[in-house]
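Undergrad: Residue numbers (our numbering), protein chains in the order written: chain H, 9 to 380; chain L, 9 to 380; chain G, 8 to 403; chain E, 8 to 403.
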Amino acid sequence: MDFTYNDEQRMLTDSLRRLVSDSWGVEQRRERAGQSALDQKAWQSLADLGVAGLLVPERYEGFGESPATLVAVHLELGKGLVSEPVIPSAVMATALVLNSANEQIKTECLPLMASGSLVCSVAYLEPGQRNACRPATTHAVHEAGSYTLNGRKKLVWQGASAGKLVVSAVLNGETALFLVPADAQGMAVQDFPTMDGYRCADVELDHVVVDEAALIAQGQAADDALASAMDHGVAAMCAHAAGAMDRLVEITAEYLKTRRQFGRPLADFQVLQHRLADMLLHKELATSMAYVAATALGESDAAERRRLLSLAKVSVAQAGCSIGQSAVQLHGGIGMTAELEVGDYFKRLTHMDFLLGDTDFHLRRLEELLEG
Amino acid sequence: MDFTYNDEQRMLTDSLRRLVSDSWGVEQRRERAGQSALDQKAWQSLADLGVAGLLVPERYEGFGESPATLVAVHLELGKGLVSEPVIPSAVMATALVLNSANEQIKTECLPLMASGSLVCSVAYLEPGQRNACRPATTHAVHEAGSYTLNGRKKLVWQGASAGKLVVSAVLNGETALFLVPADAQGMAVQDFPTMDGYRCADVELDHVVVDEAALIAQGQAADDALASAMDHGVAAMCAHAAGAMDRLVEITAEYLKTRRQFGRPLADFQVLQHRLADMLLHKELATSMAYVAATALGESDAAERRRLLSLAKVSVAQAGCSIGQSAVQLHGGIGMTAELEVGDYFKRLTHMDFLLGDTDFHLRRLEELLEG
Amino acid sequence: MDLTWNAQEIAFRHEVREFVQAELPADIRTKVFRHQRLDKNDYIRWHRVLAAKGWGAPNWPVEFGGTGWNPLQRLIFEIECAKGGAPRLLPFGLGMIGPVLMKYGSKSLQDRFLSRMLTVEDWWCQGYSEPGAGSDLASLKTRATRTDDGYVVNGQKTWTTLGQYADWMFCLARTDTEAKPQRGISLLLIDLRQPGVTVRPIRTLDGGVDVNEVWLDDVNVPFENLVGNENEGWTYAKYLLGHERTGIAGIGHCHRELQILKTLAAQTLIDGEPAIRNARLKEKIVRIEIDIVALEMLLLRVAANSDQGPGPQASILKIRGSEIQQDLAMLQMEVMGVDTWPYDPVWMEADAAFSGPGAEFAAAASAGYFDMRKTSIYGGTTEVQKTIIAKMILGS
Amino acid sequence: MDLTWNAQEIAFRHEVREFVQAELPADIRTKVFRHQRLDKNDYIRWHRVLAAKGWGAPNWPVEFGGTGWNPLQRLIFEIECAKGGAPRLLPFGLGMIGPVLMKYGSKSLQDRFLSRMLTVEDWWCQGYSEPGAGSDLASLKTRATRTDDGYVVNGQKTWTTLGQYADWMFCLARTDTEAKPQRGISLLLIDLRQPGVTVRPIRTLDGGVDVNEVWLDDVNVPFENLVGNENEGWTYAKYLLGHERTGIAGIGHCHRELQILKTLAAQTLIDGEPAIRNARLKEKIVRIEIDIVALEMLLLRVAANSDQGPGPQASILKIRGSEIQQDLAMLQMEVMGVDTWPYDPVWMEADAAFSGPGAEFAAAASAGYFDMRKTSIYGGTTEVQKTIIAKMILGS
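(1) Where does SER382 (chain L) fall in DSSP's three states?
(2) Might you give, ordered along the chain, the residues of its own chain that have their beta carbon closer than 8 Å to the beta carbon of PRO352 (chain G), omitting 5 neighbours on each side?
(3) Using 8 Å as the threshold, is the segment 75-83 of chain G in touch with the segment 229-246 of chain G, meaning 3 or more CB pairs across them?
(4) Between L:VAL90, L:ALA45, L:GLY58 and L:GLN48, which has its C-alpha nearest ALA247 (chain L)'s C-alpha?
(5) When the Cα atoms are used, what is the spatial distance from GLU212 (chain H) to GLU87 (chain E)?
(6) Run through chain H and tell me which residues come within less than 8 Å of PHE277 (chain L), C-beta to C-beta.
(7) If you reduce the DSSP assignment to three classes, tell me which class THR242 (chain E) lands in.
(8) Assuming GLY375 (chain E) is part of the alpha helix (DSSP H), what are its boundary residues?
(9) How is ALA180 (chain G) classed by DSSP in three states: helix, strand or coil?
(10) What is the DSSP secondary structure of VAL353 (chain G), reduced to helix, strand or coil?
(11) Are ALA103 (chain H) and HIS240 (chain H) touching if we call contact CB-CB under 8 Å?
(12) Near GLN4 (chain G), which residues of its chain fall below 8 Å by C-beta distance, leaving aside the five closest residues on each side in sequence?
(13) Could you check the C-alpha separation between GLU16 (chain L) and LEU319 (chain H) for me, to the nearest Å?
(14) Applying a beta-carbon distance threshold of less than 9 Å, which residues of chain G neighbour ASN14 (chain L)?
(15) Who are the neighbours of HIS282 (chain L) on chain H, taking C-beta pairs under 8 Å?
(16) Determine the contact status of MET176 (chain E) and VAL221 (chain E), defining contact as a CB-CB distance below 8 Å.
(17) How close, in whole Å, do the beta carbons of TYR68 (chain L) and ALA148 (chain L) come, if the pair is a contact with beta carbons under 8 Å?
(18) Would you say LEU223 (chain E) and ASN161 (chain E) are within 8 Å of each other, going by their C-beta atoms?
(19) Just the chain G side, please: which residues come within less than 7 Å of GLU264 (chain E) by C-beta, in chain order?
(20) Tell me whether ASP191 (chain L) is buried or exposed, calling it buried when 16 or more other Cβ atoms sit within 10 Å of its Cβ.
(21) Along the chain, which unbroken stretches of the alpha helix (DSSP H) at least 4 residues long are found entirely within the segment 285-329 of chain E?
(22) Buried or exposed for GLY402 (chain G), please, with buried defined as at least 16 other CB atoms from any protein chain shown within 10 angstroms of its CB.
(23) Chain G partners of GLN17 (chain L), CB-CB under 9 Å?
(24) Which of the three DSSP states is assigned to ARG410 (chain G) in this structure?
(25) Here's the rule: buried if 16 or more other CB atoms are within 10 angstroms of the residue's CB, otherwise exposed. What is ASN285 (chain G)?
(26) Assuming ILE331 (chain G) contacts LEU305 (chain G) (C-beta within less than 8 Å), just tell me the rounded distance between them.
(27) Do you know how far the Cα of GLY328 (chain L) is from the Cα of TYR13 (chain H)?
(28) Is there a Cβ from chain E that is less than 8 Å from the Cβ of VAL70 (chain G)?
(29) Is the shortest distance between the beta-carbon of ALA76 (chain L) and the beta-carbons of chain G less than 8 Å?
(30) Is GLU14 (chain E) close to chain H, meaning its C-beta is less than 8 Å from at least one C-beta of that chain?
(31) Cβ closer than 7 Å: which chain H residues qualify as neighbours of VAL293 (chain E)?
(32) Going by DSSP, what residues sit across from THR345 (chain L) in a beta bridge?
(33) Does ARG119 (chain E) have its Cβ less than 8 Å from a Cβ in chain G?
(34) Rounding to the nearest angstrom, what Cα-Cα distance links GLU25 (chain E) and LEU82 (chain E) in this structure?
(35) Count the other C-beta atoms from every protein chain shown that fall within 10 angstroms of the C-beta of PHE84 (chain G), then say buried if there are 16 or more, exposed otherwise.
(36) If I'm right that LEU4 (chain L) touches ALA243 (chain L) with Cβ under 8 Å, what's the distance once you round it to whole angstroms?
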């Protein structure tokens, strides 16, 4: 156990912090979130620092970094509410593809993903689903050297930014995963803004035909690959959220020191001091749970890995909710407006509860483990 | 709807307040709680004010007062943490017997109970039971003009003070209720102190033979009578708890005004002010719920009556827990000692959660009603 | 003490319920239940329906055209209207400046304005808060300078709810800059339809624009529009803020949102199962029912004792009402879950051609959660209310 | 950054675990798991078992007979001992006055006292708090008056944990009454086995007598028992209180109580069904597991960075540790439910002939709940800790 950043981690996080502070100011960030299309320059600047290739092993031209580095990086991204598709592409899709036995896909895609020239996202949720990550109504049929996909996927994270989508489908009663170009014939991608400054897409697949080589995995291997994507996504998101909390506590403390009421700075009021202290407390515990999530990724026992990740997810979501509410309350009316960025953090921290399995889902997993 | 005490209610509560403040000081109260036997003088002083006969109709020489008066009286009793068997005898046993079709029992017992010369308690819980109020292992057998009872009852509220016990037993597969003299042959009553300054008893019935006339009710009527005892008990207990909260808030406010730390009275610290404000808030809501419980007693629809009573019980228990914890915390170390009476209130308010159905039980009832 | 409803009270409840069912326009009801934005005309239509029935001012005495109802009746009315899907009554005229004019205004001001409030001939807004003075009214900076014909007002007001529709503002302005902070403030009625008035919407977290900033730049106010005496506005302001003691709890809103929550929970499937069968959600709904029942009983107690001065109960009602409204919004969001993620403020407009990808209520559920955070801030923050309570107990 | 346990750390954990399993006397383990009262000798026996193994002072450097362990090892040791059912180490010598003597005490004081602490030859107690000065040490009133041979001490101390067994007290006393409140205080070592010392137990909520009042009435302290310099006791006191940064979280206690909770929940039937199948209880247990995992990771982070000065984390650990211990006690009480109602303090004695009418753990479960309320009060209340945190963030 060692919590000190090594030299590489220190350099990486320092560079990232500078980049984010230069290019993820509130106006820049909001403008990009208002667009359907990916801002290539912003994305490339992240990729250039290694963010896109962090989890990609060196043999696929990435950096093969540890889960610990993943936490360090996503803490920084969270501080700046970076909304580019790091989690869907560089974390989830990458972890998923890494689980594939299809060496061709790995050789073709991973280097492109690591360099930033290919963005992917995982299209796994279907209408009527909330936490389930198995496909139900999207079907794949195998004939004549190709697969034909039909179905609908919803809430695909930054789906409209992706050049390729990992699509889950039912194939012969089992889960199968396909890598589908976003512009394939029969694909209809409808993009929406989200409450928390991301984008998401509904995807309709109408007789989409892909090559046999597009099969990433099927059966247990596909379920495992999807689970790995979720596991990595949860860990990254916990760190992202902890980073966002860190910055939100800073912003709030600064406001309390500056703003005066009844002739004194707000920071003089003991009740507000204590609420700020509670925010810091929750932030420190959430950061700790982001570390726990990272340790989970290195855990070989699947039940224990899920247990730790679910513990982390529930805990971080709860801390985010509490810190977000407190930040707005401590700012008073002005915290309710879009003029400050307090609300941006609040909304990001709120919606993370629902992404990648909500609190009820993760508690259920934990409760099942408890009973044994 | 009218919340103003009428003249009689005002006179009754005024007298009661004086009596309690004179004779339920912390030393007097603790000394009596340390004894197995009922303090006849204290009990009679309550009965003389009408407390014992409040629910007894005038034709049985009581006062036939409304549920509203029940609340008013138990608010006062709660303020002084009165531990005499008002709830087990004057509320629960009385309500139960009133449900009986056995006119002989009513004529014999109710006047005695109203005057204070007979104390009763309801022995319904059995080893292994927690919230259930149906008998399971205590059995009654009917032969030759009498009933023979065998079994064990636990946690009989002020059981050792009671001259007669209402005992529930299984008779031909149904619930039956019997009025059993505490000193009947075969009865063994073992008395214990409780954490919150009451007494309770385990009762063993070893071939206890009672007359046929001792049957209070059987079958549905018995279940209804028991339910009525619980309903009335819950309402009285909610008021008692709200009264205790009222006094505990007063005690705590007084302490904050008096005690100095860091050169200022504690009352100057905003965080403590707000915690006191929270206590008041919970107290006011709990008092409101005590009123709700009283309205429930007048509700003819059984489901709605139970719903309101369960809502009240859960809410009052939660308020009691919160107020008790806050009172100790605001007192600091001294609040942890037996020197002050803070702890007496805290313990009373804590254990009321477990009596007459705990929070889990009442929430379940409410959840079942929700699903319809 | 009698804890049962008497026959008259029961009959009145039925009368209101049936009236709302019969007379509330269906399109308004739908908007309210779907949490869509109401437009100016929606409010006015409903007010006029009530006025036609003689119920235009439930909290006013009969002599001014009010119903003369007692507090319990007003509470019953509020709950039944809200449950039936009616918009809330605009508080600016009926609940705020109206009662002030009745108590402190000249006969001519009363004649000029009061009866028009019942039918919303004038849309009123509030001019209390200023940037830099949230809960702290004493530090306000807007100045009214005396001229020959009246006052010239300069300053900036903020948090002006629905100010974008307003014709008139009741405005606190400093008329004596030498006096102590709480002295030297006057209450003026300002016609907003004149040059020098600029209204700028403030976009809130959920993308809504219910509140506004209002700039007053050499705005004219004739002497006749001064309420009461010059420099005594502080007294009127306190009366205005302290006047309504039970409405602040939002009990009607709570009842309606609970209904909506239950409907959502019954209709929404979570991975194939109705949300209402979820054990955690069931407990949360039960617990919020507890909170609402307790709040309502406390309201009844306060309303019944309205002859007593305002005690800590008014602050308790404000605190709890806010919390319950927030919790209800949070639960609605939880029921809809991840489907609340996609969101565009235009989906909240009733006539939006497109209402988002989720279920009918999904987008609004999350927007409602963010919007409701305001309830513990406006009208005296929860922190301010707790300080008030503590002062009352501790006498400090 | 490396978030995995290395081989050495894993091996060490096993070593401790096996040692505790093998060497902790079974009767002590039973008492601990049943929450019965430990007597003086129970503590001493366990300390001597550890001392014999060379583990008598886990937090001391090797030169003073300690283990020289790093903070992570100490944490592992604490957790494994607690989980195995060992009593907590007496903090008064090892954690409090011991380190102060090492840093500020004369060689002769070190030689006289330190090695005896490992085997509890002297039972130490704390003489900091006074009636009327809880979290506010600066206002202490006990006076030490200089005479020819030393000091004569007069005053009253309170909250003296396990003081009924104590041979020695380290005591803050005022040696200069003219100086500012925080100046003029000295740290004295007082032999309690002399006339003028009166120890009176303070009965707490649960009927226990773990804390005491100690009266010092013309008690003699030779000059050689002054620690460091006269009038500089405040510095030593702060060092003493700030020395232990991670032990205050009670993580070992939390782990053990969680185990007990799970056992209770599995064994206890609620109306015929095992408590562990209760949906509400399951969620509560899961949530407290979350809290414990988070607390432990925060502890690891703080322990690993122990070269940095104490930050707000120390206060966070104290606050959360207290809350979790309280929640665990509450859950144990909830599991036992109404069976915790009957209670007599004598049932908590291990050799009590009669242990009450309920299940094995019932009486202790409710007593534990009340007793644990102290954790958010002693050692700096939660309120004091939050103020410390806020000051660090706000720099005020």
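Heads up, the beta-carbon is just placed ideally off N, CA and C, and yes, glycines get one too.
TA: On the basis of the data shown:
(1) The question about residue 382 (chain L) has no answer here: the residues shown for chain L are numbered 9 through 380.
(2) ASP213, GLY214, GLY215 and ALA374
(3) no
(4) L:VAL90
(5) 55 Å
(6) GLN278
(7) helix
(8) 369-379
(9) strand
(10) helix
(11) yes
(12) Within the shown structure, residues of chain G are numbered from 8 to 403, placing residue 4 (chain G) beyond reach of any answer.
(13) 58 Å
(14) MET8 and ASP9
(15) VAL279
(16) yes
(17) The Cβ separation is near 26 Å, so there is no contact.
(18) yes
(19) Simply none; closest approach about 25 Å.
(20) exposed
(21) 286-311
(22) exposed
(23) MET8
(24) Residue 410 (chain G) lies beyond the residue range present for chain G, which begins at 8 and ends at 403; the question has no answer from this structure.
(25) buried
(26) At roughly 12 Å, the Cβ-Cβ gap does not stay under 8 Å, so ILE331 (chain G) and LEU305 (chain G) are not in contact.
(27) 48 Å
(28) Before going on, a small fix: residue 70 (chain G) reads as Glu here, not Val. Answer no: the Cβ-Cβ gap between GLU70 (chain G) and chain E never drops below 8 Å.
(29) yes
(30) Strictly speaking, residue 14 (chain E) in this sequence is Ala, with Glu absent from that position. No, no contact with chain H.
(31) LEU371, LEU374, GLU375 and LEU378
(32) E:THR211
(33) no
(34) 16 Å
(35) buried
(36) Because chain L spans 9 through 380 in this model, residue 4 (chain L) falls outside it and cannot be assessed.
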